[in-house]
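Position one of the sequence shown corresponds to residue 1118 (our numbering), numbered consecutively onward.
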Amino acid sequence: MSEFFDLQVNGYGGVDFNGDLLDADALHTACERLHSDGVGGILATIISEKLEVMEARLSHLARLRGADPLAQKIIAGVHIEGPFLNESDGFRGAHPLDAMRWADVEAMQRLLDAAQGLTRLVTLAPERDAGLRVTRMLREMKIVVAAGHCDPTLDELEAATDAGLRVWTHLGNGCPMNLPRHDNIIQRALSLSERLWLCFIADGVHVPFFALKNYLRAAGIERCIIVTDAIAPASLGPGNYTLGRWKLQIGADMVARAPDGAHLVGAAITMRQSIANLQEKVGLSSAETEQLTVTNPRRALSLCHGVL
């Protein structure tokens, strides 16, 4: 199998890309571990915080990457997840309430400038992008736009797709545990799967395997992508870790939960573990898992950036 490409990596191998302790050695260590685990490229993911904090983290990451040839090889770009997300409980997930804000062109440009040209993917809530101005701005800049942690109506979602929305970030997550029976965000996203790339986490916790099997069947393997949403414990084991302001204790089950247990905080899975789950728990072939983890993520970005 060719090398994996992961659109959503918050940290890896004991390293938190959103942490205050990120330095050159730590970034290199994470990239070495990713490469040894069969990953050929990632989007390093910076999650919601106060705007000035996100700016500092993006610029720091860009500087460290620029000084490390291995990091330049492994980190193909940056995924900015937030802060333009739905602030409601359930939809917000692990993103801090005090960091949530409506999308605006000026704030988006500040984040893009801080990332120094590395931004490849931005996750936002379409219903928090008035007039879809930021969505259109990103499309014109050839940056892929994703929906996530959101609850747009079907009309809002169709309008956002017309304006340039192309990806759905970890479908089945970033939403409340209990949803309306038919008209809910998962069904709306699935109804547009011919126009959107749908991303899923294959750890069996974010989405139970039986549900993941249904989602993949409904959308079609050709429109789906597997991400890890990995945080620092990925590729290591139980222990104490961070994700931005979160302090996490990862137990033997390797599930990253908020300290109060109210929601998940990223995942501690690797791409190889994802492949094993997809084959053993979901019943996919090696060709299908390669499409989900190697081919489709690169195709999703190549809509704007050429083959990676």
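No residue lacks a Cβ here, since even glycine has one placed at the ideal position from N, Cα and C.
- A Cβ-Cβ distance of about 12 Å is found for the pair valine 1239 and valine 1222, leaving them out of contact under the 8 Å criterion.
- Membership of cysteine 1148 in the alpha helix (DSSP H) is indicated by the continuous run 1141-1153.
- DSSP places threonine 1252 inside the alpha helix (DSSP H), whose first and last residues are 1250-1257.
- For arginine 1374, the pairing in a beta bridge is given by DSSP as Leu1381.
- Contact between the segment 1235-1255 and the segment 1272-1288 is present, with at least three C-beta pairs closer than 8 Å.
- Between cysteine 1267 and histidine 1287, the C-beta spacing is not below 9 Å.
- For the set Lys1364, Ala1264, Val1372, Val1344, the Cα lying nearest the Cα of threonine 1406 is the one of Val1344.
- Residues Pro1350, Pro1355, Gly1356, Tyr1358, Ala1373, Ala1385 of the same chain have their beta carbon placed closer than 7 Å to that of isoleucine 1367, with the five preceding and five following residues left out of the count.
- Taking 9 Å as the cut-off, the beta carbon of alanine 1188 is found no closer than this to the beta carbon of leucine 1160.
- The shortest C-alpha to C-alpha distance from leucine 1181 to any of Leu1144, Ile1163, Leu1168, Gly1210 is the one to Leu1144.
- The three-state secondary structure of lysine 1190, taken from DSSP, is helix.
- In this structure, serine 1165 and alanine 1231 do not form a Cβ contact; the two beta carbons are roughly 14 Å apart against a cut-off of 8 Å.
- Straight-line spacing of the CA atoms in leucine 1409 and asparagine 1127 works out to 19 Å.
- Secondary structure of alanine 1161 (DSSP, three-state): strand.
- Looking at the DSSP output, aspartate 1133 bridges to Gly1128.
- Where phenylalanine 1327 is concerned, the enclosing alpha helix (DSSP H) starts and stops at 1326-1336.
- The Cβ-Cβ distance between glycine 1291 and arginine 1237 does not fall below 9 Å.
- DSSP, read as helix, strand or coil, puts glutamine 1304 in helix.
- Measuring C-alpha to C-alpha distances from glycine 1337 to each of Leu1360, Ser1352, Arg1312 identifies Arg1312 as the nearest.
- Sequence-distant Cβ neighbours of tryptophan 1285 in its own chain, meaning closer than 8 Å and more than five residues away, are Ala1263, Ala1264, Gly1265, Ala1306, Leu1313, Trp1314, Leu1315, Cys1316.
- For histidine 1287, the three-state secondary structure derived from DSSP is coil.
- DSSP places histidine 1177 in the helix class (H, G or I) of the three-state scheme.
- The straight-line gap separating the alpha-carbon atoms of leucine 1309 and arginine 1227 is approximately 31 Å.
- DSSP places arginine 1415 within a helical segment (H, G or I) once states are collapsed to three.
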